[in-house]
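Student: Protein chains in written order, with this note's numbering: chain C, 1027 to 1327; chain P, 2 to 453.
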Amino acid sequence: MFPKGTKRKFSDSGDEPAAGGEDVNQPSSVAVRMLSSYSLQRQSLLDMSLIKLQLCHMLVEPNLCRSVLIANTVRQIQEEMTQDGTWQIMTQALSAANAAAQCSADRLVATEVLCRQTEATQGEQVLKPFPAVGSEGCPAEEEVVVEEEGEGGVTMSTVSPQAPTSYLPGTFGMDPCWEEENGEDEEEDEDSEECGSGSEEGDSDRLVEDSRTAEQVFGTFEIKNPAPSPDPALEELFSDVDASYYDLDTVLTGMQSAPKMGPYDLLESLSSHGPSPLSSSTSCRSDLNELDHIMEIIVGS
Amino acid sequence: MLKYTFKGVGGGNDFQWCFSQVKGAIDEDVAEADIISTVEFNYSGELLATGDKGGRVVIFQREQESKNRPHSRGEYNVYSTFQSHEPEFDYLKSLEIEEKINKIRWLPQQNAAHSLLSTNDKTIKLWKISQRDKRAEGYNLKDEDGRLRDPFRITSLRVPVLLPMDRMVEASPRRIFANAHTYHINSISVNSDHETYLSADDLRVNLWHLEITDRSFNIVDIKPANMEELTEVITAAECHPHQCNVFVYSSSKGTIRLCDMRAAALCDRQSKFFEEPEDPSSRSFFSEIISSISDVKFSHSGRYMMTRDYLSVKVWDLNMENRPVETYQVHEYLRSKLCSLYENDCIFDKFECCWNGADSAIMTGSYNNFFRMFDRNTRRDITLEASRENSKPRAILKARKVSTGGKRKKDEISVDSLDFNKKILHTAWHPKENVIAVAATNNLYIFQDKIN
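Take a look at the structure:
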């Protein structure tokens, strides 16, 4: 339980002796520092919140109010962790673990949680997106923790090579969506179980893994300014639809005519690393053109 | 006849609540579609409408008081049942649109028929409910079976007579207000001009004319240009009961904005801004979530409004923006359990609240099928339970108590024993009498005051 209004004293973390005089950047000293009760509770709350946000875009229709409140809670925690210096420690540990780009610790978590399919389709330069899935296929933490290049990122909404923010390549696109998107009912059960079990992992493993998960989600959170779509078909599509009822700058999962993927399909495809992500993105483009045509008819332009 | 001599909320005074009726299946296994999602009395209290997750609307009508049983008030019996909304599929977003009825609001009665607005996440429908209990017989131009008579055969004229028939109640959709909301509709509210109504979703509020379905005016839009910057959503909205140019909307950050439609076409800038300053001593990571307002209701007088957040109900004077005039704790014992409630998502439950006809009492729901009533004058409060165990006809409801300390008295229930799956989110109070309707999952309980 969170004690009412009590603030963790900064000295708490300083009291924990670094085990065996190891390098402060090593994960184990991170583990030690974070062992203070309040930090643990706060971390647990953060993990819980991130899981909830992941769950969000697996439901058929995520509740926007709930998503906003959870995202605000995550931001609040991140702000506090930044102030306490814990955030820096965590990100340093991560950057030590991951030789690639560093995550800027000063940047606050944005609440951007849109699924931008357009970026996804060109985001394949950085990641292989999984357009057919939209943002539905967000498998549970355990299955997703991979940092290899080319992992099918689910709807890397805001990823682009020009993105000014730092972004870990291969970060799995944990992209909580504000807008409705594809959801798999089967995933619900799976992930609701996950929710509870997330806190049961061993401490040290959990801390590192959760940090990485947090990194994965925050990575997506931090992208603020998505690069404009170079795809003329998509741009045209957007310009048409601006005046329409639906905000197409939100979820475009409906654009994919590929059959809806079940959660297990997604995992299979991910593990196969194969050409499937690529091929579905090429089929995506032809679908986009088709949809473009349909939209023109609807909008009457 | 106004009967709300509300001497006390309960306990020690003449006034007590009794069980009257319960509607719905007794089965332990609750079908999801049967879960009641909204309850609303009409303006006279004669009709009581419920909507459920399956998209159905059930309307109950109060029977006339019987001369044979003068001590029993009129009972509510089913008047009409119809499927208001069906599940839909949004092809553009590849998403299902739930058929769950989020809100029902009655229109003022203008003729023999009754009309109501019902809405799901995306579409509002105006339903007309009309009844026929007479039919005409003895037409000149047609036979009894409806065939036209040969005009040359008609040798005499007669006046058709009206004969009673079995009452037939028919519900027909008269208007469908669609395609105006990108986000999920959380509120509808009929304006006092009886011509317009507003509908609110997470980010926008639209104004409609009841006769016009292909157009609506957007009067509030809080969608940021960059969705990344979204930190606040609209949670509820309501028209002022008397001033047709005034409405309010509440937010997930615990604020209420009162807007005047005469000021501007787009009411993004509020006329009044109601917010209670946060108590720094009780700040936690959950402060914002529990401050999110789940319901806002004007008093019948129009002088006050009431808001419901997770732990409390607040009464605001429209003339005072910086703090509420009254605050009632609904279940303060949950404050130490917020982390668990966050984990199991209960912290996001949206409880509604309602006024009694005289604005002297307010009611709202809680967990374990408990609901709470507060008397604004005596400052008394009472906790009652809607359960099958207390369902003997005219049985007086016993006050319930949740024990917060270590020692649990007899008949008290400890916080850890509360059933958080039994939540009372929707309640309604008869506009004129002390009759209340309480929705407990798939059952509708009707309670009324004891006849002395």
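Beta carbons: idealized from backbone N, C-alpha and C, even for Gly.
Using C-beta distances below 6 angstroms, list every residue in its chain close to Val1050 of chain C, excluding the 5 sequence neighbours before and after it, in chain order.
Tutor: Any reading at Val1050 of chain C must be qualified, since the residue scores a pLDDT of 47, below 50, and its modelled position is unreliable; the value itself is stated next. Within the same chain, Val1050 of chain C has no close Cβ partners at all.
Student: In terms of DSSP beta bridges, what is Met306 of chain P paired with?
Tutor: In DSSP, Met306 of chain P forms a bridge with P:Phe299, P:Trp317.
Student: Restricting to Cα atoms, I'd like to know which of P:Glu434, P:Asp412, P:Ile189 is closest to Ser45 of chain P.
Tutor: For the residues P:Glu434, P:Asp412, P:Ile189, the minimum Cα distance to Ser45 of chain P belongs to P:Glu434.
Student: Please list, in chain order, the chain C residues whose beta carbon lies closer than 7 angstroms to that of Asp203 of chain P.
Tutor: Result: Leu1090, Cys1091.
Student: Alpha carbon to alpha carbon, how far is Leu1090 of chain C from Glu196 of chain P? Give it in angstroms, no decimals.
Tutor: Their backbone Cα atoms lie some 30 angstroms apart in a straight line.
Student: Taking the alpha carbon of Arg1 of chain P as the reference point, which residue from P:Asp202, P:Glu322, P:Val326 has its own alpha carbon closest?
Tutor: The structure shown has nothing for residue 1 of chain P, since chain P only spans 2 to 453.
Student: Hey, how far is the Cα of Ser337 of chain P from the Cα of Met169 of chain P?
Tutor: Distance between the alpha carbons of Ser337 of chain P and Met169 of chain P: 53 angstroms.
Student: Name the chain P residues whose beta carbon is nearer than 9 angstroms to that of Thr1108 of chain C?
Tutor: Within 9 angstroms Cβ-Cβ: nothing; Thr1108 of chain C doesn't reach chain P, min ~15 angstroms.
Student: Determine contact between the region 202-219 of chain P and the region 145-157 of chain P, defined as no fewer than three beta-carbon pairs at a distance below 8 angstroms.
Tutor: Because the criterion of three Cβ pairs below 8 angstroms is not met, the region 202-219 of chain P and the region 145-157 of chain P do not touch.
Student: Using only the alpha-carbon positions, how far apart do Gln132 of chain P and Ile105 of chain P sit?
Tutor: Taking the straight line from one Cα to the other gives about 20 angstroms.
Student: Pairing CB atoms from the region 356-363 of chain P with CB atoms from the region 407-422 of chain P, are three or more of them under 8 angstroms?
Tutor: They do not touch, by the three-pair rule.
Student: Is the Cβ of Leu96 of chain P closer than 9 angstroms to any Cβ of chain C?
Tutor: Closer than 9 angstroms to some Cβ of chain C, the Cβ of Leu96 of chain P qualifies, so yes.
Student: For Asn370 of chain P versus Lys424 of chain P, is the C-beta spacing smaller than 9 angstroms?
Tutor: In contact: Asn370 of chain P and Lys424 of chain P (Cβ atoms closer than 9 angstroms).
Student: Using only the alpha-carbon positions, how far apart do Val1159 of chain C and Asp346 of chain P sit?
Tutor: Since pLDDT at Val1159 of chain C reaches only 31, below the 50 mark, its modelled position is unreliable, and the value read off the structure follows with that caveat. Approximately 26 angstroms between the Cα atoms of the pair.
Student: As an exercise, report each continuous beta strand (DSSP E) stretch of at least 3 residues that is fully enclosed by the region 339-385 of chain P, in chain order.
Tutor: Entirely contained in the region 339-385 of chain P, the beta strand (DSSP E) runs reaching 3 residues are, in chain order, 354-356, 362-366, 371-376.
Student: List the residues of chain P whose Cβ lies closer than 8 angstroms to the Cβ of Val1325 of chain C, in chain order.
Tutor: The premise fails here: Val1325 of chain C is roughly 12 angstroms from chain P at the closest Cβ pair, so nothing lies under 8 angstroms.
Student: If you count every other CB in all the chains shown that lies within 10 Å of the CB of His243 of chain P, and 16 or more means buried, which is it?
Tutor: It counts as exposed.
Student: Going by DSSP in three states, Leu96 of chain P sits in which element: helix, strand or coil?
Tutor: Strand, per DSSP.
Student: Could you check if Arg205 of chain P is buried or exposed, using at least 16 other CB atoms within 10 Å of its CB as the buried criterion?
Tutor: Under this definition Arg205 of chain P is a buried residue.
Student: Does any CB atom of chain C fall closer than 9 angstroms to the CB of Asp310 of chain P?
Tutor: For Asp310 of chain P, the answer is no, since every Cβ of chain C falls outside 9 angstroms of its Cβ.
Student: Just the C-alpha distance for Arg270 of chain P and Val247 of chain P, rounded to the nearest angstrom, thanks.
Tutor: For Arg270 of chain P and Val247 of chain P, the distance between alpha carbons rounds to 13 angstroms.
Student: Give the interface partners of Ile1103 of chain C over in chain P, defined as CB-CB distance under 7 angstroms, in chain order.
Tutor: The answer, in chain order, is Phe286.
Student: Mapping DSSP to helix, strand and coil, what is Met1321 of chain C?
Tutor: If DSSP states are grouped into helix, strand and coil, Met1321 of chain C belongs with the helices.
Student: In the DSSP assignment, find the unbroken beta strand (DSSP E) run with Ala1097 of chain C in it and report its ends.
Tutor: Where Ala1097 of chain C is concerned, there is no enclosing beta strand (DSSP E), although the alpha helix (DSSP H) it sits in stretches over 1090-1110.
Student: Using only CA atoms, which one of P:Leu445, P:Asn43, P:Glu344, P:Gly366 lies nearest to Cys354 of chain P?
Tutor: Among P:Leu445, P:Asn43, P:Glu344, P:Gly366, the Cα nearest to that of Cys354 of chain P belongs to P:Gly366.
Student: Cβ of Val1171 of chain C less than 9 angstroms from any chain P Cβ?
Tutor: Because the pLDDT at Val1171 of chain C is just 35, under 50, the model does not fix this residue reliably, and the value given afterwards should be weighed accordingly. Answer no: the Cβ-Cβ gap between Val1171 of chain C and chain P never drops below 9 angstroms.
Student: Answer yes or no: does any C-beta atom of chain P fall closer than 9 angstroms to that of Ser1255 of chain C?
Tutor: A caution first: Ser1255 of chain C carries a pLDDT of 42, below 50, which makes its placement in the model too unreliable to give a value.
Student: For Leu426 of chain P, which three-state DSSP category applies?
Tutor: Leu426 of chain P falls in the coil class under three-state DSSP.
Student: Under 7 angstroms Cβ-Cβ, which residues of chain C neighbour Leu344 of chain P?
Tutor: The residue you asked about is not Leu; residue 344 of chain P is Glu in the sequence shown. Neighbours of Glu344 of chain P on chain C, chain order: Met1074.
Student: Using the rule of at least 16 other Cβ atoms within 10 Å of the residue's Cβ for burial, across every protein chain shown, is His431 of chain P buried or exposed?
Tutor: Buried.
Student: Starting from Phe349 of chain P, find everything on chain C with Cβ-Cβ shorter than 8 angstroms and list it in chain order.
Tutor: Under the 8 angstroms cutoff, chain C gives Asn1089, Cys1091, Arg1092, Leu1095.
Student: Can you list, in chain order, the residues of its chain with a C-beta nearer than 7 angstroms to that of Phe299 of chain P? Leave out the 5 residues immediately preceding and following it.
Tutor: Closer than 7 angstroms at the Cβ level, and outside the excluded window around Phe299 of chain P, lie Glu239, His241, Pro242, Met306.
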